[in-house]
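Sequential numbering of the sequence shown, starting at 5, is according to the working numbering. Here the structure is laid out as structure tokens; the discussion comes afterwards.
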Amino acid sequence: MINKDVCVGKSRFGKGLFAKNDIKKDGVVLVFEGKARSLEDFRFISKYDENHSVQIGNNKWLVISDDSKFINHSCNPNCGIRGTIKIVAMVNIRKGEELTFDYAMSEDSEWSMKCRCGSKGCRKIIKGYSFLPAKIKQKYRGYISGWLDKKS
Ligand SMILES: [Zn+2]
């Protein structure tokens, strides 16, 4: 479920989520909705669904079924995670800005992805949380998925 201050729009990478109004730091941007799946289930789901899922446990992903699936990754994000399925603003966000989080804030598997986010400090290849440089882990404190918090 996306917050009323958030809408789906056109980004450089297809669809994205944008702020319809100013959003204050720590304001809730969205709550992911969907079905929980394990790695074994991924053989039976489409590539599209696989690309629109978020890791919520050691062997647990949520296949996102609502518009919140359109939030894009950035290596210099303005949002982070609270709990495991809630996305909140990490900074004050102005109306019209695209909302992004770092996929490494929730993911920690064998997964990797080429990144063309173009932001300052883009890592080019993004991998799970364990692979993040210590400096970035520090910056993301309080904004990474609860299941990773428990791990570290
Ligand atoms: Zn990047």
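All C-beta atoms, glycine included, are put in the ideal place defined by N, C-alpha and C.
What does a CB cutoff of less than 6 Å around residue i pick up in its chain, not counting 5 residues either side in sequence?
i, result
"glycine 150", "Gly87 and Thr88"
"asparagine 63", "Ser42 and Leu43"
"lysine 131", "Ser116"
"serine 69", "Glu37 and Gly38"
With 16 as the cutoff for other CB atoms within 10 Å, does residue i come out buried or exposed?
i, result
"glutamine 59", "buried"
"glutamate 111", "buried"
"proline 81", "buried"
"tyrosine 144", "buried"
"lysine 128", "exposed"
"tyrosine 107", "buried"
Please confirm whether any heavy atom of ligand 1 lies closer than 7 Å to the CB of residue i.
i, result
"serine 113", "no"
"arginine 127", "yes"
"serine 123", "yes"
"cysteine 119", "yes"
"cysteine 79", "yes"
So, with DSSP's three-state summary, where would you put residue i?
i, result
"lysine 155", "helix"
"methionine 94", "coil"
"arginine 47", "helix"
"methionine 117", "strand"
"glutamate 102", "strand"
"glycine 84", "strand"
"asparagine 76", "strand"
"serine 15", "strand"
"lysine 24", "coil"
"lysine 128", "coil"
"isoleucine 140", "helix"
"serine 57", "strand"
"glycine 146", "coil"
Skipping 5 residues on each side, what residues in its chain have a beta carbon closer than 7 Å to that of residue i?
i, result
"cysteine 121", "His77, Ser78 and Cys79"
Going along the chain, which residues of its own chain have a beta-carbon closer than 8 Å to the beta-carbon of residue i, five neighbours each way excluded?
i, result
"glycine 146", "Gly84"
"asparagine 25", "Asp9 and Lys99"
Would residue i count as contacting chain C if we go by Cβ distances under 8 Å?
i, result
"phenylalanine 46", "Reference to chain C is not applicable here, since this structure consists of a single protein chain."
Exercise for the section: Would you be able to state if there are at least three C-beta pairs under 8 Å between the region 41-55 and the region 93-104? Expected result: Because the criterion of three Cβ pairs below 8 Å is not met, the region 93-104 and the region 41-55 do not touch.
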